[in-house]
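First the structure, in the form of structure tokens, and then the observations on it.
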Amino acid sequence: MNSVRKYWAIFQITLINSLAYPGELIGRSLMIIPFMWIFYQLWKVTFAASGSDVIGDLTLRDTLWYLMLAETIELGRPPLARTISENVKDGSIAYILNKPYDFLLYHFSTAMGETVFRAVMNAVFGGAVIWWLVGAPAHPEGFLVALPAVFGAWILHFCIMAMIGLLAFVFEDVSAFMWIFQKFAFILGGMLIPLDFYPSWLQVIAKLLPFSSMIYGPARLFVTPSLSMFVNVMSLQVVWITVLGLLLTLAYRRGITQLTVNGG
Amino acid sequence: MLKELKFLLAVWKANLLSVMEYRVAFLTQVIGMMVNNFIYFAIWIIFFDRFKDVRGWGINDMYVTFGVLASAFGLVSLLFGNAFNLSDIIAKGRLDYYLSMPRPVLLHTIASRSIASGMGDFSYGFISYAMSGQFTWDGLLRFILATLLAAVVFAAFLILIQSLAFWLGMMSNFSQLALNAMLTFGIYPITLFDNYAKLILFTIIPAALMGAVPAEFITQFTWQTLAELLAGAVAFLSIAVTVFQLGLKRYESGSGIQIEV
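Residue numbers (the working numbering), protein chains in the order written: chain A, 1 to 264; chain B, 1001 to 1261.
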């Protein structure tokens, strides 16, 4: 119980800290506005050209609210891999290791603390723009249904980003891994195009991979909530969180045996 | 002029030697960025495979637009890497170092850093053009010219936006927002936008001069598109340099000791 309280306190401190510079928080969140506007232009033209109100079970309104949540999840995430790789490269990992908390859980708590308000602000600005352009979401209750899946998506993201950060034990620079992971998340996660619009063979593959649990699952659950979809999305997330969580723990244990810090 | 060119070449040579110091990191970034661009572009392949075209804009147009935009972005990253964080340099008083040198302040500042991944973007642009199905040798010459002009527009836009730090102080979020808007609008089909939006894309956020117009110039040469590109590059560069010079008159810094590496 004590240990939960410890990480809860770290989470709270980071959360409050993220409010210290409201201008920066708002400024960063404004980025979602041009994205939403351009998505509206693209999909309005695409739906009109297709001559149908529904593509892949989604209407124009569903598609745009889907993209709003997908962007919110993506833009809300802190640059965790960079932080961890810097910790490894500059030796500051040693400072965290000699404290009475676990390195990975410490970073998880701080990452969550940084994420919450960023995501809320993105949802507010992105939601306002989409509401103005296409109206309210067809299933407003979907937002509550999708919340556990959004949380699951952040845990999955943490596992992968922490693993990329730990690659700094082996590589001098991990930026390339970050870019490539991000683009895989874009394409196989359904970040810019809902997976329902993909060719069937690619849909099958993409929906089984962890990327879809990080973006597509929560966003689709938001626009077309149902019990069966909730069960599907959450079960797949649990499987991937277990697998990636184990891999992360192994990678961390292996990495830490190679750590050498000189000076102080 | 020749003196400044020699100076620039010397700075770029030093930058190149600097980024090559860590060869594995350099190669990882270059190759990583090319792979990154390829994966990103796959989204457009999927999109156009399903929806064929957007008001007459097809996948081949996207290859050329993406190519010229990537090469122009890469060129600026590689040769004028500090243009991306000029506002930080201004706001943190790091211009002191450049002001104490007998070289043009703006040129020296922005050319003093190379972003290694820019080489990946620059190279990928050519590959993208080659894959467009519209490759011709005279088209390649136009691609090179269009990349240079688009790079001038892009560098000028970065200088212009980031020079606002002389008046506004720290503004990294705003400059990041402007950069994202420029790249996002530059890569999307121009046919999506109505006339008002197009006016914005030629003026406030000149993304059309970095993506759609250079792409049109490459695929079907007209004197009009060349004139648009030249006029845009000259106009934006003049405005950017003027705003920087005006801002420089307001520049002040504390007594912080800065080390330039």
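Backbone N, C-alpha and C fix where the C-beta goes; we use that ideal spot for every residue, glycine too.
message: Below 8 Å, how does it come out for the segment 41–52 of chain A and the segment 71–88 of chain A: are there three or more Cβ pairs, yes or no?
response: no
message: Our contact map puts Leu64(A) next to Val4(A) with C-beta atoms below 8 Å; I'd like the distance itself, whole angstroms only.
response: With 8 Å as the limit, Leu64(A) and Val4(A) do not qualify as a contact, their Cβ atoms being about 39 Å apart.
query: Straight-line CA distance for Leu1177(B) to Leu1069(B)?
result: 18 Å
query: Listed in chain order, which residues of the segment 180–202 of chain A have Cβ atoms closer than 9 Å to some Cβ of chain C?
result: Absent from the structure: chain C. Protein chains present are A and B.
message: At a CB distance below 7 Å, what residues from the segment 19–40 of chain A approach chain B? Give them in sequence order.
response: Glu24, Gly27, Arg28, Leu30, Met31, Pro34, Phe35 and Ile38
- prompt: Over what stretch of residues does the alpha helix (DSSP H) that includes Ala146(A) continue unbroken?
  reply: Gly142 to Leu166
query: Below 8 Å, can you find three or more Cβ-Cβ pairs linking the segment 1072–1089 of chain B to the segment 1041–1050 of chain B?
result: no
message: So, with DSSP's three-state summary, where would you put Leu192(A)?
response: coil
task: Note down, in chain order, each residue of its chain lying with its Cβ closer than 7 Å to the Cβ of Leu97(A), except the 5 sequence neighbours on either side.
output: Phe103
- request: Could you check the C-alpha separation between Ile32(A) and Ala1181(B) for me, to the nearest Å?
  value: 10 Å
message: I want to verify the contact list: residues of chain B whose CB lies under 7 Å from the CB of Glu172(A), in sequence order.
response: Tyr1022, Val1024 and Ala1025
query: From the beta carbon of Ala49(A), is the nearest beta carbon of chain B less than 8 Å away?
result: yes
message: Counting only C-beta atoms, is Ser175(A) closer than 8 Å to chain B at any point?
response: yes
message: Rounded to the nearest angstrom, what separates Arg254(A) and Leu248(A) at their Cα positions?
response: 10 Å
- prompt: Is DSSP giving Thr1136(B) helix, strand or coil here?
  reply: coil
task: Under the assumption that Ser200(A) contacts Leu236(A) (Cβ atoms under 8 Å), give the Cβ distance between them as a whole number of angstroms.
output: That belief does not hold up - the Cβ atoms of Ser200(A) and Leu236(A) are roughly 19 Å apart, past 8 Å.
message: What residue range does the alpha helix (DSSP H) around Ile1045(B) cover?
response: Arg1023 to Phe1051
task: Write down the C-beta distance between Thr14(A) and Thr110(A) rounded to the nearest angstrom, noting that I regard them as a contact closer than 8 Å.
output: 5 Å
- request: Check the DSSP bridge columns for Thr59(A) and list the partner residues they point to.
  value: Val54(A)
- request: Taking Val124(A) as the reference, give the member of Asp57(A), Leu75(A) and Ile205(A) with the closest Cα.
  value: Leu75(A)
message: Can you look up Val1054(B) in the DSSP assignment and give me helix, strand or coil?
response: strand
task: Would you check if the distance between the CB atom of Phe1122(B) and the CB atom of Ile38(A) is smaller than 8 Å?
output: no
- prompt: Does the beta carbon of Val120(A) come closer than 8 Å to any beta carbon on chain B?
  reply: no
- prompt: Do you know offhand how far Gly1118(B)'s Cα is from Val145(A)'s?
  reply: 42 Å
message: I need the boundaries of the alpha helix (DSSP H) containing Met229(A), first residue and last residue.
response: Leu227 to Thr257
field: Cβ contact check for the segment 155–165 of chain A and the segment 15–30 of chain A: 3 or more pairs under 8 Å
entry: no
task: Kindly give me the distance between the Cβ atoms of Leu1164(B) and Met1170(B), rounded to whole angstroms, as I take these residues to be in contact under 8 Å.
output: Contact doesn't hold; Cβ gap of about 11 Å is too wide.
message: Can you find the residues in the same chain that come closer than 7 Å, C-beta to C-beta, to Leu195(A), ignoring five residues on each side of it along the sequence?
response: Gln203, Ala206, Lys207, Ser212 and Tyr216
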